[in-house]
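Per the working numbering, the sequence shown starts with residue 211, numbered consecutively. What follows is a short report on a single structure.
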Amino acid sequence: MRKTLILLAALSASYYSMNAQKSEKDIIKNLEQKSTDYGIIAQNIWEFAEMGYQEEKSSGLLQQTLQDAGFTIKKGVAGIPTAFIAEYGSGSPVIAIMGEFDALPGLSQKAVGEKESAGAVAGHACGHHLFGTASTAAAISTKEWLEANKSKGTIRFYGTPAEEGGSGKVYMVREGLFNDVDIALHWHPGAQNAASAGAALANKSAKFRFHGISAHAAASPDKGRSALDGVEAMDMMINMMREHIPQEARIHYVITDGGKAPNVIPDFAEVYYYARHNRRDVVIEIFDRMVKAAEGAALGTGTTMDYEMIGGTHELLPNLTLQKVMHENLSEVGGMEYTTEEKAFADKIAKTLGQDKADLATAKNVQPYKTEAKAFGSTDVGDVSFTVPTVGFSTATWVPGTPAHSWQAVAAGGTSIGNKGMMIAAKTLTMTAIDLFKDKKLVASAKAEFLMKRGADFKYIPLLGDRAPALDYRK
Ligand SMILES: [Zn+2]
211 MRKTLILLAA LSASYYSMNA QKSEKDIIKN LEQKSTDYGI IAQNIWEFAE
261 MGYQEEKSSG LLQQTLQDAG FTIKKGVAGI PTAFIAEYGS GSPVIAIMGE
311 FDALPGLSQK AVGEKESAGA VAGHACGHHL FGTASTAAAI STKEWLEANK
361 SKGTIRFYGT PAEEGGSGKV YMVREGLFND VDIALHWHPG AQNAASAGAA
411 LANKSAKFRF HGISAHAAAS PDKGRSALDG VEAMDMMINM MREHIPQEAR
461 IHYVITDGGK APNVIPDFAE VYYYARHNRR DVVIEIFDRM VKAAEGAALG
511 TGTTMDYEMI GGTHELLPNL TLQKVMHENL SEVGGMEYTT EEKAFADKIA
561 KTLGQDKADL ATAKNVQPYK TEAKAFGSTD VGDVSFTVPT VGFSTATWVP
611 GTPAHSWQAV AAGGTSIGNK GMMIAAKTLT MTAIDLFKDK KLVASAKAEF
661 LMKRGADFKY IPLLGDRAPA LDYRK
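What follows is the structure, given as structure tokens:
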């Protein structure tokens, strides 16, 4: 932590000497000069590796950084202790930059080119330590520009916890915290630099709990009813159901409790399910059928069943007006060059991914702009994108070819490669935010596209219903 404290002092010092500067170029140059400082913040969060809704230290560090830079902090918003909003300025437009900081269970990894656990319970396999830090850096730089130019408008940083399965942003949207925002920006760590139109699958997830009767499994099995039977019967029916759902749909599950010992008939068992599709109405329909399967499974095995909604997110509503601006800015910033040391690390990682050599061109270049996007994962940014015009992009924070949620992603995220990708993101976000403050017409046309695409009769209904934030879903 000592490193962090020194760095915070350095950041506020550079902030106070900033006011003389005016141009966007100067702002970006100043941001570049703080690369090492922001790298230290990101690496601290990488080491904290805190999972969804448990991100006290990570959230605290970003709050402190923003507060020291002159932002006002509202913490514990939407009933989530680690969620917060940092704000600077007044009036419109209100530009929001989102930042995530949660890690994934398992996947602890050292920042080395081979699989080696760092001994922690979680790891930053989705790069959210870089995500939160780059967005923080961009919010601070944008604030410096607003201040230096005496511009009207509000810059906000949204500290959004528990993206991985916890649907943190959904509660913030449900609470109305985005209602007065004009445009929301985000980005995501990745294996390439790209600002093409994004897509994401809507999803619903729940924990199905079966309750049976315990008894000696050999001496009095007739007295027992196995809760695990309930889970297995449900799983079997769901696996049959796969044949009868749209083929782009995804269903996955893990048995989170299957009993404790073979000679005790389990009176409790739990299975954790996800259903996904690129249209939320399809997800809702599949999920309702999953509940029916669970009810049938309970009936047939003489057990009872209840379930708890855990997460639920909308698909992503792309905004091409904003996307084009983001792509132009990312192209202007450009990708990265690897040092000799980084190349050696990347080649090691590439070998574990079945490649001979790391594809350095992908890290260096920006992907051509595309408007057609295919969705693979889900994100709670989806709900934000149905509330305000939203735009995102990715940078090559990982060795090209690296899949998200892998040890290779954790490893690269803990090196200077991750930091470089993070700074590309911070600059691109800053430039886009400044464009929005400078150009009222751009904000207006982004809004017009948003309203047209969302449809006049749109009504926001969170897929996870009215449940309170699932603060203990990782426990
Ligand atoms: Zn992620």
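We put the CB at the ideal spot given by N, CA and C, even for glycine.
- Item | Between the CA atoms of Trp397 and Asp590 - distance to the nearest angstrom | 13 Å
- Since Leu395 is in the beta strand (DSSP E), which residue starts that stretch and which ends it? 393 to 395
- Rounded separation between Val501 and Glu480 - CA only: 14 Å
- Where do the ends of the beta strand (DSSP E) carrying Asp467 lie? 460 to 467
- Have a look at Leu526, Val492, Leu356, Glu542 and flag the residue whose alpha-carbon is nearest the alpha-carbon of Phe281. Leu356
- Task: Grab me the residues of Met633's own chain with a C-beta within less than 6 Å of its C-beta, minus the 5 sequence neighbours each way, in chain order.
- Result: Ser245
- Item | Contained beta strand (DSSP E) runs [length at least 3] in the segment 394 to 474, N- to C-terminal order | 398 to 400, 412 to 421, 460 to 467
- C-alpha distance - Gln231 paired with Tyr263, whole-angstrom precision: In this prediction, Gln231 scores a pLDDT of 45, lower than 50, which makes its location untrustworthy; no coordinate-derived value is stated.
- Give me the Cα-Cα distance between Met382 and Asp432, rounded to the nearest whole angstrom. 49 Å
- What number of angstroms, rounded off, separates the C-alpha of Leu411 from the C-alpha of Tyr483? 15 Å
- Comparing the CB of Glu265 with every heavy atom of ligand 1, is any distance shorter than 7 Å? no
- Task: Return the CA-CA distance between Leu661 and Ala321, expressed in angstroms with no decimal places.
- Result: 44 Å
- Message: I need the straight-line Cα distance from Ala485 to Ala622, nearest angstrom please.
- Response: 30 Å
- Task: Give me the Cα-Cα distance between His524 and Glu257, rounded to the nearest whole angstrom.
- Result: 31 Å
- Query: What residue from Pro679, Gln457, Thr292, Ala437 has the CA that sits closest to Ala425's CA?
  - Reply: Ala437
- Task: With a floor of 4 residues, list each alpha helix (DSSP H) that falls wholly inside the segment 309 to 387, ordered by position along the chain.
- Result: 338 to 358, 378 to 384
- Message: Rounded to whole angstroms, what is the Cα-Cα separation between Thr605 and Ile448?
- Response: 37 Å
- Roughly how many angstroms lie between the CA atoms of Lys648 and Glu354, to the nearest whole one? 14 Å
- Where do the N-terminal and C-terminal ends of the beta strand (DSSP E) with Val481 fall, by residue? 478 to 487
- Query: Between the beta-carbon of Gly191 and the beta-carbon of Ser377, is there less than 8 Å?
  - Reply: The structure shown has nothing for residue 191, since the chain only spans 211 to 685.
- Message: Tell me whether the segment 524 to 538 and the segment 637 to 647 touch, counting them as touching only if at least three CB pairs, one residue from each stretch, are closer than 8 Å.
- Response: yes
- Using the beta carbon as the reference atom, which residues fall closer than 6 Å to any heavy atom of ligand 1, ordered along the chain? Cys336, His338, Glu373, His398
- Task: Determine the DSSP secondary structure at Ile671, reduced to helix, strand or coil.
- Result: coil
- Item | C-alpha distance - Ala409 paired with Pro528, whole-angstrom precision | 7 Å
- Item | Minimum C-alpha distance to Gly301 - residue among Asp392, Ile250, Ala619, Lys362 | Lys362
- Candidates Ala443, Gly333, Asn473, Thr607: which alpha carbon is nearest Thr572's? Thr607
- Item | Reduced DSSP secondary structure (H/G/I, E/B, other) of Ser616 | coil
- Any idea which residues DSSP pairs Ile201 with across the strands? Because the chain spans 211 through 685 in this model, residue 201 falls outside it and cannot be assessed.
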